[in-house]
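S.K.:
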Amino acid sequence: MENIEIARVLNEYADLLELKVENRFRIRSYRKAAQMVQGLSTPIAQLIEQGKDLTVLPGVGDSMAEHIMEIFTSGTLKALDGLRKEIPAAVSELMEIERLGPKRTKQLQEQLGISSIKDLQQALDAGKLVRLPGFGKKSIEKLRQAIQTFQKRPKRFLLRDAEQLARPLIEHLGAGGDIEKVEIAGSYRRRMETVGDIDILVASENPESVMQRFQSYSEVVRVLAAGATRGTIILRSGLQVDLRILPRRSYGAALNYFTGSKAHNIALRSLGVEHGLRINEYGIFRVPRGVKPADPEKAEGERIGGADEQDVYRILKLDYVPPELRDARGEIQAAREHKLPELIKLNDIRGDFHMHSKWTDGNNTIEEMVRACEQLGYQYCAITDHSQAVHVAGGLSAKEIMAQLEEINKLRAKIHNIRLLAGCEVDILADGSLDYPDDLLDQLDIVVAAVHSKMAMTKSQMTKRVVKALAHPAVKILAHPTGRLINDREPYAIDLDEVFRAAKVFGVAVELNAQPDRLDLNDKHVQRTREIGVKIAINSDAHSVGQLRFMSYGIDQARRGWMEKQQVVNTMTWPQIGKWLKQRRQRLDTMAGS
DNA sequence: GCCGTTTTCGGCCCGACTGTTTTCAGTCG
4 MENIEIARVL NEYADLLELK VENRFRIRSY RKAAQMVQGL STPIAQLIEQ GKDLTVLPGV
64 GDSMAEHIME IFTSGTLKAL DGLRKEIPAA VSELMEIERL GPKRTKQLQE QLGISSIKDL
124 QQALDAGKLV RLPGFGKKSI EKLRQAIQTF QKRPKRFLLR DAEQLARPLI EHLGAGGDIE
184 KVEIAGSYRR RMETVGDIDI LVASENPESV MQRFQSYSEV VRVLAAGATR GTIILRSGLQ
244 VDLRILPRRS YGAALNYFTG SKAHNIALRS LGVEHGLRIN EYGIFRVPRG VKPADPEKAE
304 GERIGGADEQ DVYRILKLDY VPPELRDARG EIQAAREHKL PELIKLNDIR GDFHMHSKWT
364 DGNNTIEEMV RACEQLGYQY CAITDHSQAV HVAGGLSAKE IMAQLEEINK LRAKIHNIRL
424 LAGCEVDILA DGSLDYPDDL LDQLDIVVAA VHSKMAMTKS QMTKRVVKAL AHPAVKILAH
484 PTGRLINDRE PYAIDLDEVF RAAKVFGVAV ELNAQPDRLD LNDKHVQRTR EIGVKIAINS
544 DAHSVGQLRF MSYGIDQARR GWMEKQQVVN TMTWPQIGKW LKQRRQRLDT MAGS
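For the first sequence, the numbering used here begins at 4 and goes up steadily by one.
1) Mind checking which residues open and close the beta strand (DSSP E) that includes THR387?
2) Provide the residue(s) that pair with ASN445 in DSSP beta bridges, ordered along the chain.
3) Skipping 5 residues on each side, what residues in its chain have a beta carbon closer than 7 Å to that of LYS467?
4) Between the C-alpha atoms of PHE28 and THR363, what's the straight-line distance to the nearest angstrom?
5) Check VAL290 in the structure and name its three-state DSSP category.
6) Could you give the first and the last residue of the continuous beta strand (DSSP E) run that contains THR45?
7) Taking 7 Å as the threshold (C-beta atoms), are ASP330 and SER264 in contact?
8) Smallest Cα separation from LEU242: which of GLU377, ARG225, LEU258?
9) Between the C-alpha atoms of HIS267 and MET465, what's the straight-line distance to the nearest angstrom?
10) Taking the alpha carbon of GLN154 as the reference point, which residue from ILE173, LEU168, GLN124 has its own alpha carbon closest?
11) Count the other CB atoms, across all protein chains shown, that sit within 10 Å of the CB of SER253; report buried if there are 16 or more and exposed otherwise.
12) Given LYS527, which residues of its chain have a CB within under 6 Å of its CB, disregarding the five upstream and five downstream residues?
13) Could you round the C-beta distance between LEU328 and TRP565 to whole angstroms and report it? I think they count as a contact, below 8 Å.
14) Using alpha carbons as the reference points, say which of LEU115, VAL470, LEU258 lies closest to ASP202.
15) ALA425 and LYS462: beta carbons closer than 7 Å?
16) Buried or exposed: PRO484, going by 16 or more other Cβ atoms within 10 Å of its Cβ?
17) Name, in chain order, the residues that DSSP records as bridge partners for VAL571.
18) Are the beta-carbon atoms of ILE480 and PHE503 separated by less than 7 Å?
19) Are there 16 or more other CB atoms within 10 angstroms of the CB of GLU345, so buried, or fewer, so exposed?
20) Are the CB atoms of ASN6 and ALA37 nearer to each other than 7 Å?
21) Which residue from VAL244, GLY275, MET372, GLU428 puts its Cα closest to that of ALA396?
22) Between which two residues does the beta strand (DSSP E) carrying ASN283 extend?
23) So THR539 packs on VAL511, CB below 8 Å; how close in whole Å?
24) Within the chosen definition, does the segment 190-205 reach the segment 242-251 through at least 3 CB pairs nearer than 8 Å?
25) Can you name the residues that DSSP bridges to MET358?
26) Ignore the nearest five residues each way along the sequence and tell me which others in GLY279's own chain have a CB closer than 6 Å to its CB.
27) Would you give the residue range spanned by the alpha helix (DSSP H) that GLU8 belongs to?
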């Protein structure tokens, strides 16, 4: 049983407890535990098999540990099965509708027998809701709209798409003046692979004008809320955007609060309480405990920070936590003990080992790609077009790749500031063999191996197939190890732990493919590579000159996986890379000889 | 249900917006 499945059961239990309007702190415990389990890079199964005490995990006490054990052994919770009988499955779906929380959902179910969105629609059409206390004319109209919005709701947006939608809106806001500072916070700033909405933070002394301008953006199709300092709109694309406007002196505290994650915020504020501090989006205040200020800005107490985000961490005696780490995965403890990793940065990257040219499905010539890499300041790059099995991408026959090799050799005479490697993204066939004969592969500088077909194998078959390919002496990098396409294709079944261990033994690097819809490996996989100690390569897989810049999305996910540059092969200088390419061969020769 | 630099009980992050309940509950982030 995978961590994500355990988390799913805990979350479902929390959903149903919520509908029973249970103690909200009890519900939060289950959610917190679910989130913790989901963020764990080590499989729970492994901890249990090693006889580890689960209560050492944050947010897990005796009772939660028992629940997790029960889920692990039986696949479910008895208590959950009981609740499922009591509450129909479609009821929890109701809560996904804007404005419907646990209380109103419960009310609808108990008083009108509404237990699905369909029921709700019918009840609305029949005018039944009018009789309910708390449901006025406006509420009912908004509920109608909310159902429509829910039914048309898009999937989560790729980080890159969100960027492209947000940028013009930020420009629109900026053009109106009255803005001292503006930034996008939320999961966008934490660089999550997808975002559900956009959170914009503005420092301004004239919030009315900024809020006006926000609502007047030409892409707005609905205004959900527009208060004095806070507003929410829906864009034509379906993307929801929240705006928060605060004075400059609160900007840092607000940025911290609005960046999240929620769990990270709660942890920080709890820590604040321990220090006798109140932390909110307006600042950090020294406040006598138990005093509830009527006005957060005039809290009885002394303002001791908030203009800059660093204030929050400094005052709590924590090292600064980069946004990418703020997911309650141990970053606060690490910050307290000065053990945060020194995260890899984009300008640590010295080369790119995976890109395509016009020879297959790329848009640019080899020379154009190499020149662009040169412009990026790289010391080396590899052209890795597809091998013959990938017909749809125009994979190269053996003859064609030899011709390409010739072109590359000629090009080398013209190029002096960057090393050009002749490579190939060679297909791993169903039986684990490679798509070209060995004598051809031997002539290439670098071979990137990848699965592109027959993805519906069993987990053990796929794992065997990939591990066999890793053992081939020519292979240097395993590309997009799970094959997933975000919002489009699930990862194929594969035992990544086994793949990582094999890669480590054979001296192969595993790729973090930086295409915005791949990001494969993902952040949690990256964390696992750290634990296992296998090297990774962050590659753009660019199909055009412009896509070389996708590298930054790979860096984002590497940072989210706590990655430091020492473990990333393409941060090495050219001489080191030259050695790395040879090393692998020597290592295999030794293994063969022993 | 969890947890402890006020420790084994009694707290649990904190505030904005909306609609309708004339003083606040519900929802959201």
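Even glycine gets a Cβ: it sits at the ideal position worked out from N, Cα and C.
This one's a predicted model, so the numbers in the text were calculated from it and none came from an experiment.
M.R.: Quick look at the numbers:
1) Residue numbering aside, residue 387 sits at position 384 when the first sequence is read from its first letter. Its beta strand (DSSP E) spans residues 383-389.
2) Locating residue 445 in the first sequence gives position 442, where the first residue counts as 1. The question names Asn, but residue 445 is Asp in the sequence shown. Looking at the DSSP assignment, ASP445 forms no beta bridge with any residue, so it has no partner.
3) To locate residue 467, count along the first sequence from 1; it is residue 464. Result list for LYS467: GLY435, in chain order.
4) For the purposes of this step, residue 28 is identified with residue 25 of the first sequence, where counting begins at 1. For the purposes of this step, residue 363 is identified with residue 360 of the first sequence, where counting begins at 1. Cα-Cα distance, rounded: 56 Å.
5) Taking the first sequence and counting its residues from 1, the one referred to as residue 290 is at position 287. Three-state DSSP puts VAL290 in coil, outside helix and strand.
6) Position 42 of the first sequence, counting from 1, holds the residue named residue 45. No beta strand (DSSP E) contains THR45, which DSSP labels as neither H nor E.
7) Taking the first residue of the first sequence as position 1, residue 264 is located at position 261. Taking the first residue of the first sequence as position 1, residue 330 is located at position 327. Yes, these two residues count as a Cβ contact at 7 Å.
8) Within the first sequence, residue 242 is the residue found at index 239, counting from 1. Considering only alpha carbons, the answer is ARG225.
9) Here residue 267 refers to the residue found at position 264 when the first sequence is read from its first residue. Here residue 465 refers to the residue found at position 462 when the first sequence is read from its first residue. Going by the C-alpha atoms only, they are around 37 Å apart.
10) Counting from one through the first sequence, the residue named residue 154 turns up at place 151. If we check each option's Cα against that of GLN154, GLN124 comes out closest.
11) Working through the first sequence from its first residue, we reach residue 253 at position 250. With 16 or more other Cβ atoms within 10 Å, it is buried.
12) Counting from one through the first sequence, the residue named residue 527 turns up at place 524. Excluding sequence neighbours, LYS527 sits near SER44.
13) Along the first sequence, read from residue 1 onward, the residue named residue 328 stands at position 325. Along the first sequence, read from residue 1 onward, the residue named residue 565 stands at position 562. Rounded, the Cβ-Cβ distance is 7 Å, consistent with contact.
14) Taking the first sequence and counting its residues from 1, the one referred to as residue 202 is at position 199. Measuring from the Cα of ASP202, the nearest candidate turns out to be LEU258.
15) As a working note, residue 425 is residue 422 in the first sequence. As a working note, residue 462 is residue 459 in the first sequence. No, Cβ-Cβ distance for ALA425 and LYS462 is not below 7 Å.
16) As a first step, residue 484 must be located in the first sequence, where it is residue number 481. So PRO484 counts as buried.
17) Taking the first sequence and counting its residues from 1, one reaches residue 571 at position 568. The partner list for VAL571 (beta bridge, DSSP) reads ILE539.
18) As a working note, residue 480 is residue 477 in the first sequence. As a working note, residue 503 is residue 500 in the first sequence. In this structure, PHE503 does not lie closer than 7 Å to ILE480 by Cβ.
19) Within the first sequence, the letter at position 342 stands for residue 345. GLU345 comes out exposed.
20) Looking up residue 6 in the first sequence gives position 3. Looking up residue 37 in the first sequence gives position 34. The answer is no: Cβ separation not under 7 Å.
21) Stepping through the first sequence from its first residue, residue 396 is reached at position 393. Residue GLU428 is the option with its Cα nearest to ALA396.
22) Mapped onto the first sequence, residue 283 falls at position 280. From DSSP, the beta strand (DSSP E) with ASN283 extends over 280-283.
23) Working through the first sequence from its first residue, we reach residue 539 at position 536. Working through the first sequence from its first residue, we reach residue 511 at position 508. Per the sequence presented here, residue 539 reads as Ile, with Thr not at that position. About 10 Å separates the two Cβ atoms, so there is no contact after all.
24) yes
25) Stepping through the first sequence from its first residue, residue 358 is reached at position 355. BP columns for MET358 point to ALA545.
26) Counting from one through the first sequence, the residue named residue 279 turns up at place 276. Contacts found: none.
27) The sequence position of residue 8 within the first sequence is 5, counting from 1. It spans 6-22 - the alpha helix (DSSP H) in which GLU8 sits, taken as one unbroken run.
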